[in-house]
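Colleague:
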Amino acid sequence: MRHIISILIENESGALSRVAGLFSARGYNIETLTVAPTEDTSLSRMTIVTSGSDDVIEQITKQLNKLVDVVKVVDLSEAPHVERELMLVKVRAAGKDREEMKRMSDIFRGRIIDVTETTYVIELTGNSAKLDSFIEGLDKDLILETVRTGVSGIGRGDRILKI
Amino acid sequence: MAVNMLLTGAEIVIRCLQEEKVEHVFGYPGGSVLYIYDELFKQDKVKHVLVRHEQAAVHAADAYSRSSDRIGVALVTSGPGVTNAVTGIATAYMDSVPMVIISGQVPTHYIGQDAFQECDTVGITRPCVKHNFLVKDVRELASTIKKAFYLARTGRPGPVLVDIPKNITNEKCEFDYPETVTIRSYNPVVKGHSGQIKKALKLLQEAKRPMIYTGGGVILSNAADKLTTLIRMLGFPTTQTLMGLGGFPATDRQCLGMLGMHGTYEANMAMQQCDVLLAIGARFDDRVIGNPDHFGEVKRKIIHIDIDPSSISKRVKVDVPIVGHVPEVLGELIALLEESTVKVDSKALSAWWSQIEEWRGKDCLRFKQDELIMPQFVVQKLYEVTDGDAFVTSDVGQHQMFAAQFYKFDKPRRWINSGGLGTMGVGLPYAMGVRFANPEATVACITGEASIQMCIQELSTCKQFRLPIKIINLNNRYLGMVRQWQEMFHGNRYAESYVDALPDFVKLAESYGHVGMRIERPEDVEPALRKAFTTYKDDLVFMDFITDQTANVFPMVAAGKGLSEMILAEDL
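Chains B and E are the protein sequences, given in the same order. Here the first sequence is numbered in the working numbering, starting from 1 and rising by one per residue. Here the second sequence is numbered in the working numbering, starting from 164 and rising by one per residue.
Following this line, the structure appears as structure tokens:
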């Protein structure tokens, strides 16, 4: 099962490698990992998308909690939450494809943020499945480059991850 | 001393060690730690023990902690000093031993430039320490060292490393050793959940076939007294893991001995067939319960007390988890038991005990002492000659298992060995660490001719510090445990397990100024041991026992098999 683990961690050098090292040392998988400082710059917030049985996920959260730099761990996917990922796609946009690309971008509520005579860069935000479908919907030959941020997530309503 | 006196980083390191009441530091100097050594030289509160290889420094510091409940400290230089130390650090980490390692590092402005004797210490040691630090500012040095000691000894203990670049040890700042330390991201649980403890008590009182299984956590948390009280109050059978030996007196009838791969028949059978299992400071590892699926075939209720939540329900699902400091939880359990009017099912319990006595009747550790010296016989005699009161260290292999099976530990912190990592070579440096922590103690190192050679250079350290360690070398000219597996599972093909070109251990010992003995006949075993522990009481004695090469360790639960699927000596 897919899980989104949110971590508040001391914003110190090496903290990321402790988390990444834990996952590789214990054979847990990481689908995506994002990290950036929070409004309190002494803390970073990390979001990890992983998958595993309930037992594995239980171990992951326990092992993460055991890391001295980790302040809090929450399995976001346990309760209502929203998740978003941002993707930038550079596509060929010349001739008849130019209009088609614009239309696709509109359908997926993307924004064209860079334009040249032959290319567009489309910015798209959504859950991972939406970004996947956008890529699916495009003509493969027209995709020049893609980059995704990985998932960020937050609990709905009163679910707050803060110290 | 003037209030605002500035101290160098090196002075601060030594002052911190003094504040922590550290009496001994095990180490080896080198370029990056020269300022620290200079400060060590200028004082005499902290004594330095010069080893002959950094691995031994860390093992000795590790055994210092294991045998005394004080914190062992190791000091090594950058680069190879650290990489040599890694085996020692990993060994301590696997057995949750508190320890502080101070390592030198190249100056901060050299870091990342592949400087001479530079390595990524924090990166290399990260997976085998509880935590580590790179000190980048001399003003953070004292608080970092304070944190290191605090982290090492609290919660689930473990080694903590502080990496100090050379320039930091020569920069100055005010010294202020914090009295307390708080780390917002680190708050280990102490008290167990009362509701859970009540539930546990109910289960225990309703048990028909109870069993108490305890591990190294009992030793590390100094809970042996409380454990003994509890077990005697309940009247239940108990078994100890390799790391837990001495947590409950081995000579007590309620003790079924060690369990696991080479555990006793009665301990393993009782583990498998109990209906309520109380696990304390133990982690159900593969050498202990064998195949977890087979273990799970018998339905039983499991109560698990441990300081580390990640040890609970890791390999075996637990019904009543209790996270807390073992002595705290046991104290609460004992208090509840004292108040309780509920009687245990004594009829069921006595039936359970008769079943256990039947298993015990198999006498699974029986062996025959013929013409050749049996290793078990040597350990038995050692036990008699030392009145069961020695500190015993061991290396890793058959001799380790024989020591665990035949030396009956009645007290905690007497049995010092590498359980988790299984590090050959620890025996001699462990004995050194034990002796420094317990200056009057009788210390025996049970080893084999292969293991001892992995840290043999420490005979020199023993000479320098006049450490009267008794080395019991069970010499079968084989990597005994490897040979046993090859005999049992690899068609008698003894690939590279024969230990060829052995030195003359007697002469080797003598060349370091120690006493050497070779013992080849069973009738000489006891007299030789007596002589070593009386005539040569104050000497290091290297006793080379030439033992039966075919001796194997039984009972045995083969890897991947169930606990009750033991191979007994009599089956072969």
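The beta carbon of each residue, even a glycine, is placed where N, CA and C say it ideally should be.
Counting only the same chain and skipping the five closest in sequence on each side, list residues whose C-beta sits under 7 Å from that of E/K510.
Modeller: Closer than 7 Å at Cβ, skipping near neighbours: no residue.
Colleague: Can you tell me which residues form a DSSP beta bridge with E/F708?
Modeller: The partner list for E/F708 (beta bridge, DSSP) reads E/L637 and E/I682.
Colleague: Any Cβ of chain B within less than 7 Å of the Cβ of E/R478?
Modeller: Taking Cβ atoms only, chain B never reaches closer than 7 Å to E/R478, which makes this a no.
Colleague: Give the secondary structure of E/T332 by DSSP, where H, G and I count as helix, E and B as strand, and everything else as coil.
Modeller: The answer is helix: DSSP assigns E/T332 an H, G or I state.
Colleague: In angstroms, rounded to a whole number, what distance separates the CA positions of E/Q280 and E/T288?
Modeller: Whole-angstrom Cα-Cα distance: 16 Å.
Colleague: Can you tell me the Cα-Cα spacing of B/L124 and B/R109, whole angstroms?
Modeller: Spanning the two alpha carbons is a distance of roughly 7 Å.
Colleague: State buried or exposed for E/R178, treating a residue as buried only when at least 16 other CB atoms are found within 10 Å of its CB.
Modeller: E/R178 should be labelled buried.
Colleague: When burial is assigned at 16 or more other CB atoms within 10 Å of the CB, is B/V147 buried or exposed?
Modeller: By the 10 Å Cβ count, B/V147 comes out exposed.
Colleague: Pick from B/L22, B/D97 and B/V49: whose alpha carbon is nearest that of B/S2?
Modeller: In the sequence as displayed, the identity of residue 2 of chain B is Arg instead of Ser. Closest by alpha carbon: B/V49.
Colleague: Could you tell me which uninterrupted alpha helix (DSSP H) segments, each at least 4 residues in length, are contained entirely in the stretch 26–93 of chain B, listed from first to last along the chain?
Modeller: For the stretch 26–93 of chain B, whole alpha helix (DSSP H) runs of length 4 or above, ordered along the chain, are 54–66.
Colleague: Roughly how many angstroms lie between the CA atoms of E/L197 and E/E217, to the nearest whole one?
Modeller: Distance between the alpha carbons of E/L197 and E/E217 is about 16 Å.
Colleague: List, in order along the chain, the chain E residues whose C-beta lies closer than 7 Å to that of B/V70?
Modeller: Residues of chain E passing the Cβ test: S348.
Colleague: If we cut at 7 Å on Cβ distances, does B/K66 have a partner in chain E?
Modeller: Interface residue, yes.
Colleague: Tell me which residue opens and which closes the beta strand (DSSP E) that E/Q268 is part of.
Modeller: Looking at the DSSP string, the run of the beta strand (DSSP E) that includes E/Q268 is M262 to Q268.
Colleague: For a test of the three-state rule: what should DSSP assign to B/R111, helix, strand or coil?
Modeller: DSSP places B/R111 in strand when its eight states are reduced to three.
Colleague: Got a sec: which bits of the stretch 279–294 of chain E sit with their beta carbon under 9 Å from any beta carbon on chain B, in order along the chain?
Modeller: Here the close residues are V285, G286, R289, P290, K293 and H294.
Colleague: Out of E/L622, E/E650 and E/F204, which one is the CA nearest neighbour of E/E673?
Modeller: Ranking E/L622, E/E650 and E/F204 by Cα distance to E/E673 puts E/L622 first.
Colleague: Would E/V344 and E/K309 be called neighbours here (beta carbons separated by less than 7 Å)?
Modeller: Taking 7 Å as the Cβ cut-off, E/V344 and E/K309 qualify as a contacting pair.
Colleague: Compare the beta carbon distance of B/K90 and B/L144 with 7 Å and say whether it is the shorter of the two.
Modeller: Yes. Within cutoff.
Colleague: Indicate whether B/G153 and B/I4 have their beta-carbon atoms separated by less than 7 Å.
Modeller: Closer than 7 Å, so yes.
Colleague: Using only CA atoms, which one of E/R656, E/A226, E/S241 and E/D508 lies nearest to E/A278?
Modeller: Of the listed residues, the one whose Cα sits closest to E/A278 is E/S241.
Colleague: In whole angstroms, what is the alpha-carbon distance linking E/Q181 and E/H187?
Modeller: Approximately 10 Å between the Cα atoms of the pair.
Colleague: Let's see if you can read the secondary structure: which residues bound the alpha helix (DSSP H) around E/D449?
Modeller: Looking at the DSSP string, the run of the alpha helix (DSSP H) that includes E/D449 is D449 to I452.
Colleague: In three-state DSSP terms, what is E/P373?
Modeller: It is a strand residue.
Colleague: Could you name the residues that DSSP lists as bridge partners for B/R148?
Modeller: Answer by DSSP bridge pairing, in chain order: B/M87.
Colleague: Looking only at its own chain, which residues have a Cβ that is under 6 Å from the Cβ of B/S53, when we skip the five neighbours before and after it?
Modeller: Excluding sequence neighbours, B/S53 sits near nothing in its chain.
Colleague: Applying a beta-carbon distance threshold of less than 7 Å, which residues of chain B neighbour E/L314?
Modeller: Residues of chain B passing the Cβ test: V68.
Colleague: At which residues does the beta strand (DSSP E) containing E/K210 begin and terminate?
Modeller: K210 to L213 is the span of the beta strand (DSSP E), which, as asked, contains E/K210.
Colleague: B/G95: which of B/T32, B/Q63, B/E117 and B/L43 sits nearest, CA to CA?
Modeller: Nearest option by C-alpha distance: B/E117.
Colleague: Report the partner residues of E/A607 according to the DSSP bridge assignment.
Modeller: E/V555 and E/K633, per the DSSP bridge assignment.
Colleague: Any idea if B/R103 is buried or exposed, counting beta-carbon neighbours within 10 angstroms, 16 or more meaning buried?
Modeller: Its Cβ having fewer than 16 others within 10 Å, B/R103 is exposed.
Colleague: Since I believe E/A237 is in contact with E/G190 (beta carbons under 8 Å), could you give me their beta-carbon distance rounded to a whole number of angstroms?
Modeller: Right, their Cβ atoms sit about 6 Å apart.
Colleague: Beta carbons nearer than 9 Å to chain B: which residues of the stretch 264–279 of chain E have them?
Modeller: So the list is empty, because no residue satisfies the distance condition.
Colleague: If distances are taken between C-alpha atoms only, which option among E/C618, E/S727, E/L419 and E/Q649 comes closest to E/G588?
Modeller: Of the listed residues, the one whose Cα sits closest to E/G588 is E/C618.
Colleague: Applying the 10 Å Cβ sphere with the 16-neighbour rule, what's the burial state of B/D69?
Modeller: Buried is the call here.
Colleague: Report buried or exposed for E/A220, applying the criterion of at least 16 other Cβ atoms within 10 angstroms of its Cβ.
Modeller: E/A220 comes out buried.
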